[in-house]
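Colleague: Questions regarding the structure given below will be posed in turn.
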Amino acid sequence: MAELLHVEGVSVSVDNVAIVRDASIEVSRGEIAVLMGPNGSGKSTLLKAIAGLPGYRIVSGRIIYYGNDITHLEPWNRARMGIALAFQNPPKIYLKVGNIIDRLSKTYGSTDLVNDVVKELGLSQLINRDLYSGFSGGEIKRVELALTILMKPKLALLDEPDSGVDVDSIKRIAMYINRLAENNVGVLIVTHTGYILRYIENLGRGYVMIDGRIVYSAPSYEVVKKIMVSGYGEFNKMGGMS
Ligand SMILES: Nc1ncnc2c1ncn2[C@@H]1O[C@H](COP(=O)(O)OP(=O)(O)O)[C@@H](O)[C@H]1O
Ligand SMILES: [Mg+2]
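Just so it is clear: in the sequence shown, position 191 is 390 by this note's numbering, and no numbers are missing.
Structure follows, in structure tokens:
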């Protein structure tokens, strides 16, 4: 598999506070890589830094994407190059779901995908609703994934696509993630529980983040197995504040 993303020893600060420290992660085309860790360990911060969100300052290290150094590239340029982030807690935008689907699909030339996304992710009842307003956990995550897919990403960063989501939604979401990978999209899933991974067909590399550092990396299924057996306790000993 050709390498797509290489995060090389990246440290990220928010408001001058060091959050992520010396993190290295790789994702290849068509790979579903997984980043796990306890709440507050810095997973979302790392994803936002990869997407280039303002305020997430990369103070050292490099982000290489398709062989280009994008460490300091503007977020919209990263989006144009195919990096899409599905938020853990998406910001509210005062638009109808249907309107934002229209805008995105025109901007990214993905109008051909709209029907499929709406059907497979079960969005037809949500089209005329205000985006995320009064949505259930599963509805938020299904719409968030749909909007990400309509950006035709080459790298999809999915922040806790399974948190607060009912089983039926998890299955639909996982099925679509599997399809992204089949279409050669590189996927990086952040998950705290690992629940969604049982529905993912081809798991790639796995990483565990504790206190801003990647303390363990192995094939994802091994990472999940370790966490299922003993939680994050064992990894805590490897990380720590010092
Ligand atoms: N804007 C911010 N200002 C200050 N601290 C922040 C900010 N965003 C996140 N943090 C802190 O960074 C740490 C990691 O947060 P986050 O990346 O959201 O962790 P995770 O996604 O692993 O739960 C937390 O201690 C959080 O409070
Ligand atoms: Mg998070």
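Even for Gly, the Cβ is constructed at its ideal location relative to N, Cα and C.
Give the secondary structure of G337 by DSSP, where H, G and I count as helix, E and B as strand, and everything else as coil.
Modeller: Three-state DSSP puts G337 in a helix.
Colleague: Using only Cβ atoms and a threshold of 5 Å, which residues come within that distance of a heavy atom of ligand 1? Order them by chain position.
Modeller: After applying the 5 Å Cβ criterion, the set is V213, D214, I218, N238, G239, S240, G241, K242, S243 and T244.
Colleague: Going by the C-beta, is D410 closer than 7 Å to any heavy atom of ligand 2?
Modeller: It does not: the Cβ of D410 is nowhere closer than 7 Å to a heavy atom of ligand 2.
Colleague: Taking E359 as the reference, give the member of I395, G333, V313 and S304 with the closest Cα.
Modeller: Among I395, G333, V313 and S304, the Cα nearest to that of E359 is on I395.
Colleague: I want to know whether the segment 279-286 touches the segment 347-357 - three or more CB-CB distances under 8 Å.
Modeller: Judged by Cβ distances under 8 Å, the segment 279-286 makes contact with the segment 347-357, as three or more pairs qualify.
Colleague: Answer yes if the segment 263-279 comes into contact with the segment 308-316, meaning at least three C-beta pairs across the two stretches below 8 Å, and no otherwise.
Modeller: At 8 Å Cβ cutoff, the stretches do not touch.
Colleague: Rounded to the nearest angstrom, what separates K434 and R404 at their Cα positions?
Modeller: Looking at the sequence shown, residue 434 is not Lys but Phe. Distance between the alpha carbons of F434 and R404: 17 Å.
Colleague: Among residues of its own chain, excluding the 5 on either side of S332, which ones have a beta-carbon nearer than 8 Å to its beta-carbon?
Modeller: Excluding positions up to five away in sequence, the list reads K291.
Colleague: Could you spell out the range, first to last residue, of the beta strand (DSSP E) harbouring D358?
Modeller: From DSSP, the beta strand (DSSP E) with D358 extends over L354 to D358.
Colleague: Where does the unbroken beta strand (DSSP E) through G403 begin, and where does it stop?
Modeller: G403 -> beta strand (DSSP E) spans L402 to I409.
Colleague: Alpha carbon to alpha carbon, how far is L322 from A345? Give it in angstroms, no decimals.
Modeller: C-alpha separation (whole angstroms): 9 Å.
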